[in-house]
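Residues 1 to 280 in my numbering are what the sequence shown lists, from first letter to last.
Notes follow the structure.
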Amino acid sequence: MRYFLVFAFLISPFFCSAQRLHIAKRNITSKSGLEFSKSIRDSTISIDLREKIIFSEVRSGNIPEFYRKLIEIRDTVLINNKNNTIKYFVLPDFLAIGNDDDYFYCPMRPQLAQKVADLLKCSLPTRKISNRIYQNAAVKMVPQPIPPSKAMITVPIFEKHNSMVQEQRKNTLSQFPNGSLTAGNKKDVVISNKTYNDKGLLRVVIYGWHKPDGKAIQPLYNGHSTIHVDYSHGIRFVQNKVWVNGKKTSIQKILKSEILHPLLSDEGVIAKPYYPVGLY
C-alpha cells in the first residue's frame with residue numbers, strides 16, 4: 001500500500017508536467033505541409049470548403065508529432081492579499097498541418113479555431129496568456145510582416161510567410177529543437193471582451209506578434225469581421241484544464257470568476273470566453 005501511495009503521488013496531475021494533446025495518431029500516409037497547402041491553393045476553393053478541409057485534417061490527426069506534448073506555463077498573482085499560483089499547458093507553436101519536417105501554419109476564422117479547440121479540449125488564449133507565452137518562450141522569433149495587400153488573405157501568401165518563418169526557425173533548431181516553446185512568428189487570435197463590437201457584431205480579435213523587446217506589434221484589435229483571415233493570424237491552443245493552488249479547474253471557470261480572473265485575464269472578467277461555433 002505504501003508503494004501504491006507513492007506512485008499515485010508522483011503521477012497526480014499537479015506534479016505531472018507531461019500533458020499531451022487529445023488528438024488522433026497521425027497516419028503516415030497523411031499529407032505533408034506542402035502537399036496540403038497545394039491542395040487548398042486553388043482560388044476557386046471557397047473559404048467554407050477550405051475550412052472544412054482543414055478541420056478534417058486536424059480531426060484525422062494530421063499535425064506534427066512535436067505539437068502533441070504541451071508546454072507548462074506558471075504564473076502567480078496577488079489577489080486579496082494572497083498569492084495564487086496557476087499552472088496551464090499550451091501548444092509549443094501555432095497550429096500547423098503536416099509532419100515534423102514539413103508543416104504548414106493554418107490561419108483560420110475564429111469560429112473554426114473554436115471548433116478545433118473544442119475538439120481538442122482546449123481554449124484560445126487571452127491577451128494575458130499570449131504575453132505569458134512570449135515571456136516563457138525558448139525561441140523568440142523576430143516578426144516578419146509582409147506589406148498589406150489584397151493578396152494577404154490568399155493561400156500563396158500564407159505559403160510565402162510559412163517559408164519565411166521556417167527559414168528563420170532553422171537558425172535555432174540545433175539549440176532549440178521542434179517542440180520548444182516558440183513565439184513571435186504570428187499574431188494570436190484571442191478570446192476577449194472585444195469579441196463583439198459596440199454594435200453587437202461578432203469580430204475576430206487579434207493580438208501580439210511580439211518584438212524582441214517584448215512589445216506587441218498588434219494591440220488588442222477587433223476591427224475585422226470574422227470573414228477576415230490573413231497570413232499573420234496564428235492559432236495557439238491552451239488546454240482547458242488548469243491548476244490553481246494545486247486544485248484542478250478550467251480556463252472558462254477562471255475567466256468567469258469575479259475573484260480569480262486576474263490569473264488569466266488583464267481585461268477583467270470574460271463572461272463569454274469562446275467564439276460562437278453555432279454560427280459557423
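By construction, the Cβ of each residue, glycine as well, lies at the ideal position given by its N, Cα and C atoms.
Among Asp-93, Pro-177, Leu-173 and Val-189, whose alpha-carbon lies nearest the alpha-carbon of Arg-127?
Val-189
Tell me which residues share the same chain as Ser-163 and place their Cβ nearer than 8 Å to its Cβ, disregarding the 5 neighbours each side in the sequence.
none
Spell out a yes or no on whether the region 17–36 and the region 101–109 are touching, meaning 3 or more CB-CB pairs, one atom from each, closer than 8 Å.
yes
I need the straight-line Cα distance from Ile-153 to Asn-80, nearest angstrom please.
46 Å
Tell me Arg-127's beta-bridge partners as DSSP assigns them.
According to DSSP, which records beta bridges pairwise, Arg-127 is partnered with nothing at all.
Evaluate the contact criterion for the region 248–258 versus the region 199–210: three or more CB pairs, one atom per stretch, below 8 Å.
no
Count the other C-beta atoms from every protein chain shown that fall within 10 angstroms of the C-beta of Glu-57, then say buried if there are 16 or more, exposed otherwise.
So Glu-57 ends up on the buried side.
Assign Asn-136 to one of three DSSP states: helix, strand, or coil.
helix
So, is Ile-233 buried or exposed, given that buried needs 16 or more other C-beta atoms within 10 angstroms?
Strictly speaking, residue 233 in this sequence is His, with Ile absent from that position. With 16 or more Cβ atoms within 10 Å of its Cβ, His-233 is classed as buried.
Buried or exposed for Ala-271, please, with buried defined as at least 16 other CB atoms from any protein chain shown within 10 angstroms of its CB.
It counts as exposed.
Suppose the cutoff is 7 Å on Cβ atoms and the five residues either side in sequence are ignored; what does the same chain contact list for Ile-129 look like?
Non-local beta-carbon contacts of Ile-129 in its own chain, meaning distances under 7 Å to residues more than five positions away in sequence, involve Val-238 and Leu-264 in chain order.
Tell me the rounded alpha-carbon separation between Asn-99 and His-161.
18 Å
Under three-state DSSP, which class holds Gly-223?
strand
For Arg-50, does the count of other Cβ atoms within 10 angstroms reach 16, so buried, or fall short, so exposed?
buried
If you measure between the beta carbons of Arg-132 and Ile-227, is that distance less than 8 Å?
no
Using only the alpha-carbon positions, how far apart do Tyr-221 and Asp-198 sit?
Using only the alpha carbons, I get a separation of about 13 Å.
My output table needs one value for Gly-33: the three-state DSSP class, helix, strand or coil.
helix
Which whole-angstrom value is the C-beta distance of Val-165 and Ile-47, which I expect to be below 8 Å?
No, Val-165 and Ile-47 are not in contact; Cβ-Cβ is about 22 Å, not under 8 Å.
Can you tell me which residues form a DSSP beta bridge with Leu-78?
Asn-83
Measuring only the C-alpha atoms, how far is Val-277 from Gln-111?
5 Å
Excluding the 5 residues preceding and the 5 following Phe-176 in the sequence, name in chain order all residues of the same chain whose CB lies nearer than 7 Å to its CB.
Ala-138 and Val-139
Could you tell me the alpha carbon to alpha carbon distance between Ser-123 and Ile-63, rounded to whole angstroms?
Roughly 18 Å between the two C-alpha positions.
When you compare only the Cα positions, how much space is there between Ile-54 and Lys-82?
44 Å
Where does the unbroken alpha helix (DSSP H) through Lys-186 begin, and where does it stop?
Where Lys-186 is concerned, there is no enclosing alpha helix (DSSP H), given that its DSSP letter is neither H nor E.
Excluding the five sequence neighbours on either side, which residues of its own chain have a C-beta within less than 8 Å of the C-beta of Ser-250, listed in chain order?
Asn-240, Lys-241 and Val-242
Distance check for Asn-193 and Pro-262, CA to CA, integer angstroms please.
14 Å
I'd like to know whether the C-beta atoms of Leu-173 and Ile-71 end up nearer to each other than 8 Å.
no
Would a C-beta distance cut-off of 8 Å place Leu-95 and Ile-217 closer than the cut-off?
no
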